[in-house]
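Residue numbering for the sequence shown follows this note's numbering, starting at 55 and increasing by one per position. Report on one structure; see the data block that follows.
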Amino acid sequence: MQKGFRWIGRVAVPMAALIVGAGTASADCIRHVYNRSPLVLVGSQAGGPSFTIRPGTSRAIRLSGPGGLDLAGYCAPYGRGDGDPAAFGPPAVQTALRYTAVLDRCYMEIGHDFFDRELGRGFLPRRDTAPFTVNNPKQGDVVLYTDTAVCSPR
Numbered sequence: 055m056q057k058g059f060r061w062i063g064r065v066a067v068p069m070a071a072l073i074v075g076a077g078t079a080s081a082d083c084i085r086h087v088y089n090r091s092p093l094v095l096v097g098s099q100a101g102g103p104s105f106t107i108r109p110g111t112s113r114a115i116r117l118s119g120p121g122g123l124d125l126a127g128y129c130a131p132y133g134r135g136d137g138d139p140a141a142f143g144p145p146a147v148q149t150a151l152r153y154t155a156v157l158d159r160c161y162m163e164i165g166h167d168f169f170d171r172e173l174g175r176g177f178l179p180r181r182d183t184a185p186f187t188v189n190n191p192k193q194g195d196v197v198l199y200t201d202t203a204v205c206s207p208r
């Protein structure tokens with residue numbers, strides 16, 4: 055009788071650990087937004103507070119589940135505004151991106167649905183995101199690269 059209880063204990067404890075561990079598994083990914091332009095980049099993730107990325111720098115963001123990322127590049131002198139978009143004037147470039155974080159895959163949703171089940175919607179572009187480059191250098195990353203020509207009056 056005692057041997058039966060030892061066997062149950064050997065199986066029950068690891069099974070309980072697996073069940074508890076599975077409940078806390080997360081599909082979060084840490085990705086980056088890079089600013090490779092002379093513009094001041096202001097972003098907001100999933101309607102949250104805004105953040106500023108100065109020229110030549112980057113910021114890590116956490117992608118969790120489906121969500122959105124709003125980005126706008128402003129032609130403001132360096133050091134002006136401190137992240138308040140109202141102090142910069144109208145944006146020179148802007149985009150609104152949707153992202154997905156599922157299991158071990160995090161990506162911006164820009165691709166065609168053809169390989170959606172196999173690769174995710176980030177491989178075959180269906181819309182132009184220039185001057186933003188998405189899903190590069192890693193899936194889920196965003197890079198702004200432009201020059202000051204976008205700041206000249208039109």
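We treat Cβ as the ideally placed atom computed from N, Cα and C, and that holds for glycine.
Environment of A146 [buried if 16+ CB atoms lie within 10 Å]: As a first step, residue 146 must be located in the sequence shown, where it is residue number 92. Per the 10 Å Cβ criterion, buried.
Nonlocal neighbours in the same chain, by C-beta distance under 7 angstroms from T183, ignoring five residues either side: By one-based count along the sequence shown, residue 183 stands at place 129. Taken in chain order, the residues that qualify are T149 and I164.
Length of the line joining the Cα atoms of M162 and T200: By one-based count along the sequence shown, residue 162 stands at place 108. By one-based count along the sequence shown, residue 200 stands at place 146. Each residue's Cα considered, the two are about 20 angstroms apart.
Local Cβ density within 10 Å of V156, reported as buried at 16 or more and exposed below that: Against the sequence shown, residue 156 aligns to sequence position 102. Flag for V156 reads exposed.
P92 vs T187 beta-carbon contact at 7 angstroms: Mapped onto the sequence shown, residue 92 falls at position 38. Mapped onto the sequence shown, residue 187 falls at position 133. No, the pair does not count as a contact, with Cβ atoms beyond the cut-off.
Residue environment, G97, which counts as buried when at least 16 other CB atoms sit within 10 Å: Position 43 of the sequence shown holds residue 97. By the neighbour-count criterion, in which 16 or more other beta carbons inside 10 Å mark a residue as buried, G97 falls on the buried side.
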